[in-house]
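Engineer:
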Amino acid sequence: MKGVIIFLFVFLVSFSFVSASLEKSFSEIDSYITQYDSGEITAPQLIVYIDYSQNKMYGSLSGERQISESEVKKFFEKVNNSRNKGNFKRFEYQKIFQTKDFQIIFYAYPFVRHDREYYESKEDLENSYYIDYQLYSSSSVNSFSSEFENFVTDLKGDLNKKDFNYDKLKSEFSKLRNNFQKESNCEEILKDLGFIEYEKKYPSDKKNFYYNVSETKDKKCWKNTQCQPKCETKKDCSNSGSKCSQKEVCSPVCSDVFNASSNSTNQVCKDECKIEEVCEELPQDCREYQNCYDECKDEEKCEEFISSEIKLEANCDKDFSNLNLNSWGDFEKYQGLNEGGWDCQPQIDSLVGMRKALQKDFNEDFAKWYFEDFLIGDYDKILNGAGGFREALWRLIRIEEEISNNLQCSKTGEWPEGFEKIEFNYKNNNTNVEVWEKSIPISFDQNKKYYTTLFKYSWMPDKEIAKDLINYMVLNNSFGPNEKEISKIQSDEGQMEIINSLSERYGGSFDVQLSLKESRGDFEVKKYLQINPDVILRISDFINESSDISIDMDYDVAYNFVSYMINKFDGEKIEGPFWVQIEEDSGPANLFSALGAISKAWKEGVTIKPRYALIKLLFNVKDISQLMSGPSKSSSIDSQNKQIKISGKAVLDNKW
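Everything in the sequence shown is counted per the numbering used here, starting at 11 for the first residue and increasing by one.
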């Protein structure tokens, strides 16, 4: 029966949009951040304002339902590594806002609309994008650079120590690598840190970088024989022989003669000649030539070489980035730092920091401000900001879901400290809010206790405000879901399946004529609701075909009926993280209660034509309910695999 409630509530108070450009929306967000940083508004209030601005942002689409890439490029920064780890939705652009305590990052996700216009177009359509945002603790923002510098400093300090804290370095590097794998601007970050790109040996989209941490050098020497060519001029001579001839050869012949008169002896010589053969040597026959040879000598030669090295190596590509440590030689013992496992403690610490920023002002005063100040007297805020309080609650719950997903790879595996209990109630004539928190043992995690935020929520505008709001929407022609909600439905395969199924049951389009008037006064509104794959969900002044169902309601009866149904069903529903799956009581009692309310409203001022259409409508309540309520708020990817069911009594009974 919840679908009937929401179906009628869409008619009474439909979400719409107010024209606002991206530039104006981001300017508004800047102003809200300034107010937060100065203490004028709290963190929960800031989330309300961000949700309000985001809803208005879609008014700039002019009916296109997605934001064009040309518009995104004006205000968003391109993310180089859009498929990095943790980026499951593949965002391609981001816009960062910094507060004193945390960051607000808007992401632009690629969005392909497979509708009639897309297929009928003869030209390639410009890429379109869907925009959403996330909150991050300041401790988790831009921390990779500082973590890198700290790790390198610690590593260098331990290189020359015999005893060093291996486990500490291993933990630091594991954390560093895990954070790097989630960085979207891989190449830019590495270059800023001083990494050098390796020269590519072949074409590739992947880029590889290195960062030298340290190296040691050694010297090796060897004897080196150096030879130089040398030439000398030499002579080569040979004897020519001798020349002989007959010659008279004379030689003196002397003899002593005694002279008696002088009583002395005198030597008397005379030549005696004879013919002899005389020979003489002929001159030598000589020639000069060059004698060349290598003149060698031994000398010692030495050169330096890298004997040990430790460096960080990283790669970046469109699908994945990674960081590793490469060490060898005397530094080989550090190679084991690569074996560090996935450490999720930094992510948990960051989430706790985000929780602390929100919890201190998440109280009854926040509820009073939202329902008694923010939503009062401003139709624009009601139309675009009516989901802000629930959005703030779901931000708390998403933090808990993310922590639960990271516990298995944390240091202790236990729920972290730092949570301060949030518990308050807020009620008035048209609002009922209950928020409480408790630690719940979880069966799929060995009955460890998970800190859990639970809430009940029901709200609708005051009767007179709702009437004025409807008049305001009529004047501004702003009936129907806003462009953000349409984009969400189009991008959700399950929602589109519901639309296709529902429209097929009604001959291709589910068309309803809606008429609302006041029995006293001149208030009257007539609209047509269409649900089909072409328009998704549209409320307009007319339709081309006859309606499948016609609903005429008295305003007072309609308001009282919707109030009853919202309080009866939505107001009693307990919502929380994915591990709290309350089985709603959809038995006969609730069915008869809903039918009783419908019967009472029907008798007092509701006419449904044809009458049999009511029965058919009831058979389609589940699909209509799922379509109107939209995709699940839970952001956990593994929620469907980890669901456990806890009875309402167990959750309400605070005896854990």
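Idealized CB from N, CA, C, for every residue including glycine.
1) Applying the criterion that 16 or more other CB atoms from any shown protein chain within 10 Å of the CB defines a buried residue, is Phe552 buried or exposed?
2) Grouping DSSP H, G and I as helix and E and B as strand, with all else coil, what is Lys366?
3) Buried or exposed: where does Val356 fall if 16 or more other Cβ atoms within 10 Å of its Cβ makes it buried?
4) If you measure from the CB of Ser41, is any heavy atom of the ligand GTP nearer than 7 Å?
5) Excluding the 5 residues flanking Arg297 on each side, which residues of the same chain have their C-beta closer than 6 Å to its C-beta?
6) Per DSSP, Gln523 forms a beta bridge with which residues?
7) Run through DSSP, which three-state label would Leu219 get?
8) Can the beta-carbon of Thr463 be found closer than 8 Å to that of Ile432?
9) What does DSSP give as the partner residues of Val259 in its beta bridges?
10) By Cβ distance below 6 Å, which residues in the same chain neighbour Gly423 in space, the five residues on each side in sequence not counted?
11) Between the alpha carbons of Ile43 and Phe465, how many angstroms are there, rounded?
12) Which value, in whole angstroms, describes the spacing of the CA atoms of Lys192 and Ile508?
13) With DSSP run on the structure shown, which of helix, strand or coil describes Arg671?
14) Compare the C-alpha of Asp472 against each of Ile392, Glu182, Asn325, Glu50 and name the closest.
15) Determine the direct distance from the alpha carbon of Ser317 to that of Lys643, and round the result to whole angstroms.
16) At 3 residues or longer, what runs of the beta strand (DSSP E) sit wholly inside the region 317-361?
17) Is the separation between the beta-carbon of Leu200 and that of Phe183 shorter than 8 Å?
18) Would you please state the rounded distance, in angstroms, between the beta carbons of Gln294 and Ser250? I believe it to be under 8 Å.
19) Going along the chain, which residues of its own chain have a beta-carbon closer than 6 Å to the beta-carbon of Asn435, five neighbours each way excluded?
20) Spatial neighbours of Gly96 within its chain, please: CB distance less than 8 Å, with the 5 preceding and 5 following residues excluded, ordered by chain position.
21) On a CA-only basis, which of Phe533, Asn542, Leu512, Ile561 is nearest Val522? Give me that one, please.
22) Helix, strand or coil for Glu291 per DSSP?
23) Could you name each continuous alpha helix (DSSP H) segment of 4 residues or more that falls completely within the region 361-433, going from the start of the chain to the end?
24) Does the Cβ-Cβ distance between Val259 and Cys279 come in under 8 Å?
25) Is it right to say Phe116 is buried, meaning 16 or more other beta carbons lie within 10 angstroms of its own, or is it exposed?
26) Here's a check: name, in chain order, each residue in its chain whose Cβ is nearer than 6 Å to the Cβ of Ser468, leaving out the five neighbours to either side.
27) Of the residues Tyr569, Glu313, Pro239, Lys343, which one's Cα is nearest the Cα of Asn440?
28) Following the continuous alpha helix (DSSP H) through Ser41, name the residue where it begins and the one where it ends.
29) Taking only three categories from DSSP, how would you classify Ala270?
30) In this structure, how does DSSP classify Glu79 when only helix, strand and coil are distinguished?
31) Roughly how many whole angstroms lie between the Cα atoms of Tyr482 and Cys326?
32) Compare the C-alpha of Gly398 against each of Glu38, Leu32, Asp61 and name the closest.
33) What residues are listed by DSSP as bridge partners for Asp478?
34) Consult DSSP for Asn276 and reduce its assignment to one of helix, strand or coil.
35) Locate the alpha helix (DSSP H) running through Lys66, then write down its first and last residues.
36) With Phe571 and Ile541 assumed to form a contact (beta carbons below 8 Å), what rounded beta-carbon distance in angstroms separates them?
Structural biologist: Let me spell this out:
1) As a working note, residue 552 is residue 542 in the sequence shown. Per the 10 Å Cβ criterion, exposed.
2) Here residue 366 is taken as the residue at index 356 of the sequence shown, counted from 1. Lys366 falls in the helix class under three-state DSSP.
3) To locate residue 356, count along the sequence shown from 1; it is residue 346. It is Pro, not Val, that sits at residue 356 in the sequence shown. The residue is buried, with at least 16 neighbouring Cβ atoms inside 10 Å.
4) Looking for the ligand GTP in the displayed structure turns up nothing, as the structure carries no ligands at all.
5) The residue labelled residue 297 in the question sits at position 287 within the sequence shown. Short of 6 Å from the beta carbon of Arg297, and not among the five residues preceding or following it, lie these beta carbons of its own chain, in chain order: Asp246.
6) Numbered from its first residue, the sequence shown carries residue 523 at position 513. Gln523 is bridged to Tyr538, Ser560.
7) The residue you call residue 219 lines up with position 209 of the sequence shown. Here residue 219 turns out to be Phe, not Leu, going by the sequence shown. In this structure, Phe219 counts as strand in the three-state DSSP scheme.
8) In the sequence shown, counting from the first residue as 1, residue 463 sits at position 453. In the sequence shown, counting from the first residue as 1, residue 432 sits at position 422. Contact: yes.
9) Position 249 of the sequence shown holds residue 259. DSSP lists Lys284 as partners of Val259.
10) Taking the first residue of the sequence shown as position 1, residue 423 is located at position 413. Leaving aside the five residues that flank Gly423 on each side, the residues in its chain whose CB is nearer than 6 Å to its CB run, in chain order, Leu417.
11) For the purposes of this step, residue 43 is taken as the residue at position 33 of the sequence shown. For the purposes of this step, residue 465 is taken as the residue at position 455 of the sequence shown. Computed Cα separation, rounded: 27 Å.
12) The residue given as residue 192 occupies position 182 in the sequence shown. The residue given as residue 508 occupies position 498 in the sequence shown. Rounded to the nearest angstrom, the two C-alpha atoms are 35 Å apart.
13) Since the first residue shown for the chain is 11 and the last is 666, residue 671 is missing from the structure and cannot be characterised.
14) The residue labelled residue 472 in the question sits at position 462 within the sequence shown. Here the closest residue by C-alpha is Ile392.
15) Within the sequence shown, residue 643 is the residue found at index 633, counting from 1. Within the sequence shown, residue 317 is the residue found at index 307, counting from 1. Confidence is the limiting factor: at Lys643 the pLDDT is only 44, short of 50, which leaves the residue's position unreliable, though a coordinate-based value still follows. For Lys643 and Ser317, the distance between alpha carbons rounds to 57 Å.
16) 331-338
17) The sequence position of residue 200 within the sequence shown is 190, counting from 1. The sequence position of residue 183 within the sequence shown is 173, counting from 1. No.
18) On the sequence shown, position 284 is the one that residue 294 refers to. On the sequence shown, position 240 is the one that residue 250 refers to. Right, the Cβ-Cβ distance comes to about 7 Å (below 8 Å), so this counts as a contact.
19) Position 425 of the sequence shown holds residue 435. The residues are Glu444.
20) What you label residue 96 is simply residue 86 of the sequence shown in a count that begins at 1. Bear in mind that the predicted position of Gly96 carries a pLDDT of just 48, short of 50, making it too unreliable to give a figure here.
21) Translated into the one-based positions of the sequence shown, residue 522 becomes position 512. If we check each option's Cα against that of Val522, Ile561 comes out closest.
22) Reading the sequence shown from its first residue, position 281 is the one you call residue 291. Here Glu291 sits in strand by DSSP.
23) If we require 4 residues or more, the alpha helix (DSSP H) runs fully inside the region 361-433 come out as 374-379, 389-395, 398-416.
24) Residue 259 sits at position 249 when you count from the first residue of the sequence shown. Residue 279 sits at position 269 when you count from the first residue of the sequence shown. The answer is no: Cβ separation not under 8 Å.
25) Along the sequence shown, one-based indexing puts residue 116 at 106. Label assigned to Phe116: buried.
26) Looking up residue 468 in the sequence shown gives position 458. Cβ within range, chain order: Asn442, Ile576, Asn577, Asp580, Gly581.
27) What you label residue 440 is simply residue 430 of the sequence shown in a count that begins at 1. Of Tyr569, Glu313, Pro239, Lys343, the residue nearest in Cα terms is Tyr569.
28) Here residue 41 refers to the residue found at position 31 when the sequence shown is read from its first residue. Run containing Ser41: 32-47, per the alpha helix (DSSP H) assignment.
29) Your numbering for residue 270 matches position 260 in the sequence shown. DSSP places Ala270 in coil when its eight states are reduced to three.
30) Taking the sequence shown and counting its residues from 1, the one referred to as residue 79 is at position 69. Reduced to three states, the DSSP call for Glu79 is helix.
31) For the purposes of this step, residue 482 is taken as the residue at position 472 of the sequence shown. For the purposes of this step, residue 326 is taken as the residue at position 316 of the sequence shown. Taking the straight line from one Cα to the other gives about 53 Å.
32) On the sequence shown, residue 398 is found 388 positions in, with the first residue counted as 1. Checking every option, the nearest Cα to that of Gly398 belongs to Asp61.
33) Here the question's residue 478 lines up with position 468 in the sequence shown. Looking at the DSSP assignment, Asp478 forms no beta bridge with any residue, so it has no partner.
34) Counting from one through the sequence shown, the residue named residue 276 turns up at place 266. DSSP places Asn276 in strand when its eight states are reduced to three.
35) Working through the sequence shown from its first residue, we reach residue 66 at position 56. Note, Lys66: alpha helix (DSSP H), 53-67.
36) Counting from 1 along the sequence shown, the entry for residue 571 is found at position 561. Counting from 1 along the sequence shown, the entry for residue 541 is found at position 531. Not quite, the Cβ-Cβ distance comes to about 21 Å (not below 8 Å), so this is no contact.
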